[in-house]
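To keep things clear, I will list the structure first and then write my remarks on it.
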Amino acid sequence: MDFILAIAGLAFLALAVVWIKQLLGVRSSFPLPPQPKGLPVIGNLLDLAGDEVYVKCRDWSRQFGDDTISLDVLGSTMVVLNSAKAVSDIFDKRGSNYSDRPDMPMIVDLMGWDWTFALMRYGPRWKEHRRVFHSHFNHSVAEHQEIQLEISKQLLTLLLTSPKNYVEHMRQYAAHIIMKRVYGHTVVDNNDPYVRLVEEASKTTSEAAVPGAFLVDLFPSLKYVPEWMPGAGFKTKAKEWRKLSQAMINVPYDMVKGKFENGSAVPCFVSACLEQNAASAAAGKGEILTEELIKDSAAVAYAAGADTTMSTLTTFILAMTLHPEAQKRAQAELDAVLGDRLPTFADKDDLPYVTAVMKEVLRWIPVLPLAVPHRAINSDQYKGYSIPAGASVLGNTWAILHDEAVFVEPEKFKPERFINNNLPDPADSGVFGFGRRACAGKSMALDTIWMAIASVLSVYNITKAVGDNGDVITPQVKLKPGTICHPAPFECVIEPRSATALALIQHARLEAQ
0 MDFILAIAGL
10 AFLALAVVWI
20 KQLLGVRSSF
30 PLPPQPKGLP
40 VIGNLLDLAG
50 DEVYVKCRDW
60 SRQFGDDTIS
70 LDVLGSTMVV
80 LNSAKAVSDI
90 FDKRGSNYSD
100 RPDMPMIVDL
110 MGWDWTFALM
120 RYGPRWKEHR
130 RVFHSHFNHS
140 VAEHQEIQLE
150 ISKQLLTLLL
160 TSPKNYVEHM
170 RQYAAHIIMK
180 RVYGHTVVDN
190 NDPYVRLVEE
200 ASKTTSEAAV
210 PGAFLVDLFP
220 SLKYVPEWMP
230 GAGFKTKAKE
240 WRKLSQAMIN
250 VPYDMVKGKF
260 ENGSAVPCFV
270 SACLEQNAAS
280 AAAGKGEILT
290 EELIKDSAAV
300 AYAAGADTTM
310 STLTTFILAM
320 TLHPEAQKRA
330 QAELDAVLGD
340 RLPTFADKDD
350 LPYVTAVMKE
360 VLRWIPVLPL
370 AVPHRAINSD
380 QYKGYSIPAG
390 ASVLGNTWAI
400 LHDEAVFVEP
410 EKFKPERFIN
420 NNLPDPADSG
430 VFGFGRRACA
440 GKSMALDTIW
450 MAIASVLSVY
460 NITKAVGDNG
470 DVITPQVKLK
480 PGTICHPAPF
490 ECVIEPRSAT
500 ALALIQHARL
510 EAQ
């Protein structure tokens, strides 16, 4: 009974806060962007439940005949931009007002993910973290390409050994590149303790990021409720999850720091930062990075990159399974350029169709279809509409990359659309975010994806599986629920293209040992 009364009390308090917010909210002489009809008090909260919210937003945009729509979520305003023009107008041309992030009480305040600058509020701390990340990851392309080339050979070996486990192999490929570049750590398999730690921590954010999953995200004041209070189980869960987020930034960093102090650290981001600090201290001049900056920048590289890269490469396997004509055209191009060798980054300019395959994979199923929400710092007007201060503003990446006016037959997988057609590059159209908050690791991520696609297609055929009854199994294009678009499990066959291809794979295995 006490539990029920406590829940009822929390619910009443929450509804009272919504009512007061709606009653006392600042009124603008401009209307909000068009909005689907909601329910009393909760507004459009239920409209955000379920999968493919990005499709719903595109459909509302069509219904209203406007690329800018709004939603009422328990008295708070959410604005969704459904066109490239609207996104450019807001996030690029007015970036100073739209580069903040909304409050995320569960993930940031309670679970302790305040160290990832992707979620930080806009300001000096965010700028400093992003500067350090940029200085090490966007000005050392040769360093990460050398690692990507090396680990791509291990990927080919893994696919030969157990092709049915292609998802896990793509995960290991992405994780290994990042762990080696950031921490100098060699990942032997998917049971690697550091990789498992990060995966467990990342799973908690996926659960917490589901809209409406935790009441505290709708009513931030609930984060002050005592943990012992009935109905405050979310605080107990957050406390346990916080241990993972803190271990994620501390455990691998401490490993590298220990090696650096005994002289056994290998070149990587963390060791480079520690070496820079030591040199600056010895010289009595130069920048000395705080331990917080180094830890945070290192951890965010994995947190932001591994899962999204794995998802993109799984989408690539799905696309090749369903579209053998695109696969054959890419392989013909590879054969003409490479002969009897594996690709390198020096071949990229000579492989435009392979690059087009990558672009179409990014466009066809964008990994973050609604990207990460921005926040309006000050109230604003756009196209005669009001955008209130504090409103969450999202770019609908999926709608932009499925705009029939730009991409003909957007539901179809057609890499040739990017050959000599001057179409927008998906990598610059929301796949990596928008404006000043775009992903700082875009260059490294694109190279990781391109090398996997080129290497796999050069030596493997990807075809539909055949069932026990002899029927060909055609995978369905289905996605797992969640904020990141992961293709649902599907069967396929991955096998060497020829005896020559097999010899290349076996040689790559020897080089990788």
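Note that numbering that gives the first Met the number 0 gives residue 327 to position 328 of the sequence shown, counting from 1, and the numbers run on in steps of one.
Virtual Cβ for every residue (Gly too), placed ideally from N, Cα, C.
Model, not experiment: these values are computed from the prediction.
| Query | Result |
| --- | --- |
| Output needed for asparagine 377: all residues of its chain with C-beta closer than 6 Å, excluding positions within five of it in sequence on either side, in chain order. | Asn96 and Ala388 |
| Check whether the Cβ atoms of alanine 174 and alanine 305 sit closer than 8 Å, and answer yes or no. | yes |
| Put leucine 23 into one of helix, strand or coil per three-state DSSP. | Here the model assigns leucine 23 a pLDDT of 48, short of 50, so the residue's position is not dependable, and the following value carries that caveat. In this structure, leucine 23 counts as helix in the three-state DSSP scheme. |
| Are the beta-carbon atoms of valine 458 and isoleucine 504 separated by less than 8 Å? | yes |
| Please report the straight-line C-alpha distance between valine 492 and glutamate 415, rounded to a whole angstrom. | 24 Å |
| Is the distance from the Cβ of valine 86 to the Cβ of leucine 80 below 8 Å? | yes |
| CB-CB under 8 Å to glutamine 326, same chain, minus the five flanking residues each way: which ones, in chain order? | Met319, Leu456, Asn460 and Ile461 |
| For the 8 Å Cβ check, are there 3 or more pairs between the stretch 114-131 and the stretch 227-243? | no |
| Provide the residue span of the alpha helix (DSSP H) that contains aspartate 583, from first to last. | There is simply no residue 583 to check, as the chain begins at 0 and stops at 512 in what is shown. |
| Classify threonine 307: buried if its beta carbon has 16 or more other beta carbons within 10 angstroms, exposed otherwise. | buried |
| May I ask which residues mark the beginning and end of the alpha helix (DSSP H) holding methionine 309? | 290-321 |
| Using three-state DSSP, classify isoleucine 150 as helix, strand or coil. | helix |
| So leucine 70 and glycine 211 are in contact, right, with Cβ under 8 Å, and what is the actual spacing, rounded? | 12 Å between Cβ atoms; not a contact. |
| Tell me whether the stretch 58-69 and the stretch 195-214 touch, counting them as touching only if at least three CB pairs, one residue from each stretch, are closer than 8 Å. | no |
| By the DSSP assignment, the alpha helix (DSSP H) with glycine 257 in it spans what residues? | 232-260 |
| Between the beta-carbon of valine 471 and the beta-carbon of proline 365, is there less than 8 Å? | no |
| Apply the 10 Å Cβ neighbour rule to glycine 283 and answer buried if 16 or more other Cβ atoms are within range, or exposed otherwise. | exposed |
| Do you know offhand how far aspartate 216's Cα is from aspartate 108's? | 10 Å |
| On a Cα-Cα basis, can you pick out the residue from Leu501, Ala208 and Phe90 that is closest to arginine 340? | Leu501 |
| Candidates Gln380, Ala453, Gly481 and Pro225: which alpha carbon is nearest serine 151's? | Ala453 |
| Bridge partners for arginine 374 per DSSP, in chain order? | Asp99 and Ser391 |
| The alpha helix (DSSP H) that contains glutamine 62, what's its start and end? | 52-63 |
| Need the endpoints of the beta strand (DSSP E) that isoleucine 493 sits in, please. | 492-495 |
| Per the contact definition of three or more C-beta pairs closer than 8 Å, is the stretch 111-119 in contact with the stretch 292-306? | yes |
| Which residues in the same chain as glycine 383 place their Cβ atom closer than 7 Å to its Cβ, once the five residues preceding and following it in sequence are excluded? | Phe29 |
| With a threshold of 16 other CB atoms inside 10 Å of the CB of aspartate 424, please say whether the residue is buried or exposed. | exposed |
| Between the stretch 46-61 and the stretch 88-95, do at least 3 Cβ pairs fall closer than 8 Å? | no |
| Apart from the five residues just before and just after valine 52, which ones in its own chain have a Cβ nearer than 7 Å to its Cβ? | Leu369 |
| When you compare the stretch 216-230 with the stretch 267-275, are there three or more beta-carbon pairs, one atom per stretch, that lie closer than 8 Å? | no |
| Are threonine 314 and proline 486 touching if we call contact CB-CB under 8 Å? | yes |
| Find out if the Cβ-Cβ distance for the pair leucine 350, glutamate 332 is shorter than 8 Å. | yes |
| Alpha helix (DSSP H) containing aspartate 216: first to last residue? | 214-217 |
| Pick out whichever of Ile316, Val140, Ala300 and Leu478 has its Cα sitting closest to the Cα of proline 162. | Ile316 |
| Does threonine 343 come out as helix, strand or coil in the three-state DSSP assignment? | coil |
| Report the three-state DSSP secondary structure of threonine 115 (helix, strand or coil). | coil |
| How is asparagine 468 classed by DSSP in three states: helix, strand or coil? | coil |
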